[in-house]
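Encoded as structure tokens, the structure appears first; notes follow it.
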Amino acid sequence: MSDGPSDIAQRVLEAAGLPRGPLDAITTGRSGAQVLRGGGAVLKIAGATERDHTALFDEVAALRWLHGRIRSPAVLWSGIIDGQAALVMEELCGCLVYELPQAQQADGVARIARALAAMHALPVRDCPLDQRMETKIALARANVAAGAVDESDFDDEHAGMTATALFEKMLTVRPADGTLAVTHGDACMPNFILMDDDTVGLIDVGRAGVADPYQDFALFLRSAAYNFPTLDARAILMREYSLPVLDEKRLYFLSPAR
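Heads up: the sequence shown runs through residues 955 to 1212, numbered per our numbering.
Laid out in structure tokens, this is it:
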């Protein structure tokens, strides 16, 4: 057998105490990790950089802390195989909201909003995962300096700007620190699994931690607008989360393409 990605995946299965077997690639998501599933498990194999390894082990830490507090995959194994960081976790069985019939999609989005509210209600004092604004700004500064920002992914308002110029602009409109919550960190529609028992499973939680809940609101609304442009996702979020108003300045600052 070759020493390519498929062989590494089979050795990851063995390290986790699972039998070798067929694996299907999961191609959604933009983490850069190789993601596969089979036999009731999901495998993530990080890229070769130190940043890739750090991101994967951040997810391991988040999964271990969240499991039992919210519906999230159990970690079955994590470690290094031939210099590559890898994670094996439980596969959550259910469907994505855009797999629902159109008539049920609004209810699916509402279920996701309620799952966010439940996560945000976890006690901040108990959570060791730090995603506060200062931490995020420091990471953004490092990414800009490293040339790791995809400038082609900026929204229309900021198209054509350099990452450095956009970073400096956003610092001038940074809102005052507000309420903190335990957040998902990447609250896009594909990162929520609608389970058969009416619960919602949360996946791709590597950015989870204590942060401004508007980080989740901004991603939730952007993803809902992309996937369901005819749905009033703002009204759904405000109703299910019991929000009397949305702070537009916080949404602007924490929106994902900025």
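Using N, Cα and C, we set each Cβ at its ideal position, and we do this for glycine too.
As summarised for the region 1085-1165, the continuous alpha helix (DSSP H) elements at least 4 residues long and confined to that stretch are 1087-1099 and 1117-1126, given in chain order. Counting the other Cβ atoms within 10 Å of the Cβ of glycine 986 gives fewer than 16, which makes it exposed. Between aspartate 1158 and asparagine 1145, the CB-CB gap stays under 8 Å.
Within the DSSP bridge table, the entry for histidine 1021 names Ile1024 as partners. Residue Met1143 holds the alpha-carbon nearest to the alpha-carbon of alanine 1178 among Met1143, Gly1163, Leu1205 and Ile999. In this structure, DSSP gives aspartate 1036 a state outside helix and strand, which the three-state scheme calls coil. Within a 10 Å sphere around the beta-carbon of proline 1082 sit fewer than 16 other beta-carbons, which makes this residue exposed. Here valine 1063 is not near leucine 1148, since their CB atoms are 8 Å or more apart.
The three-state reading of DSSP puts leucine 1046 in coil, since its state is none of H, G, I, E or B. Around the beta-carbon of glutamate 1202, fewer than 16 other beta-carbon atoms lie within 10 Å, marking it exposed. Counting along the chain, the unbroken alpha helix (DSSP H) around leucine 1191 starts and ends at 1187-1195.
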